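Just so we're aligned, residue 1 is where the sequence shown starts under full-length UniProt numbering, counting upward by one.
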Amino acid sequence: MFKIIRQEIDAMIARDPAARSRLEVVLSYPAFHAIMGYRCTNWLWKRGFRITARFFSQIMRWLTGIEIHPGATIGKRFFIDHGMGVVIGETAEIGDDVTLYQGVTLGGTAPSVDSDGQRGLKRHPTLEDGVIVGSGAQILGPFTVRKNARIGGNAVVLAEVPEGATVVGIPAKIVRREKDDRFCAYGTPVGDLPDPVARALDELSREVQGLRQRIVELESEKQQEDGFVPAVNPEKPRIVAASE
């Protein structure tokens, strides 16, 4: 148990330059408190003490501002940076070395529709090892975000994300597919990321230009088939002023 706790603390220090010591993490990091609270409530949940687990998870929510359902599955070295407003649903599954930032939601798309029929079903996303989710991102639905994927801040993810891909926007679109297991703060690589909307507009503009050129060629071919030779515009008459 102490080895696991030490791993959690060291993972936070490795990913947050503001952390200067293990004692500082233990005393002042709400993410550490929330994760330790989750480990306890999850233990109770698995042994059938469901109401007790939910009650203590609610207390941890009041204390830390981080809501983790005790039924969620969370791997090793999990880090929530800052943490306020993070919500992790009951059937969410999180692998090892995953990082979330403030305001992230791992939720379901229709929790209020036929609630009885959804009980016990997979409703929340699965995050594989090394995933980083930027602040304010919403990952909604029972799909998988593959290993080492990056979710940009405020993105709304509604479908599976490939391994190593970076997604941004509403709804989230892939802007990079490079597989990179290095840590990337806030899930957004430093550098010039292509804008998926601008890229789509550029492609559309090129297609329109190609269609225009093709129309000109077809009109020219039709005129030649009909034997029509366009008249040459005669020179415009020169208007001479009365004074001349």
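Where is the CB? At the ideal position from N, CA and C, for every residue including glycine.
Only a predicted model underlies this, so the values are computations on that prediction, with no experimental measurement involved.
A Cβ-Cβ separation of about 6 Å places A34 in contact with M60 under the 8 Å criterion.
For Q138, same chain residues with a beta-carbon under 6 Å away, outside a window of 5 residues either side, are T105, V156 in chain order. Going by C-alpha positions, T166 is about 6 Å away from V175.
When beta bridges are read from the DSSP output, R150 appears opposite I132, T166. Taken atom to atom, the span from the alpha-carbon of E8 to that of H124 is near 24 Å. In this structure E163 is not in contact with T126, their Cβ atoms being roughly 13 Å apart against a cut-off of 8 Å. As computed with DSSP, E160 is found in no beta bridge at all. G65 sits away from M36, with the two beta carbons spaced by 7 Å or more. Here F56 has T41 as same chain residues with Cβ atoms under 6 Å from its own Cβ, once five neighbours each way along the sequence are excluded.
Scanning its chain for C-beta atoms nearer than 7 Å, with the 5 sequence neighbours on each side dropped, one finds around Y101 the residues D81, H82, V133, G134, S135, Y186, in chain order. Annotated three-state conformation of F55 is helix, per DSSP.
Around the beta carbon of V86, 16 or more other beta carbons lie within 10 angstroms, which makes this residue buried. For the 7 Å CB-CB criterion, A149 and V168 do not form a contact. In the three-state scheme derived from DSSP, where H, G and I count as helix and E and B as strand, V87 is classed as strand. Under a 10 Å Cβ-count criterion, I4 is classified as exposed, with fewer than 16 other Cβ atoms of the shown protein chains found around its own Cβ. Of the residues assessed, W62 falls on the exposed side of the cut-off, its CB having fewer than 16 other CB atoms within 10 angstroms.
Rounded to the nearest whole angstrom, the CA to CA distance from T91 to L23 is 32 Å. Here DSSP, grouped into helix, strand and coil, assigns K173 to strand.
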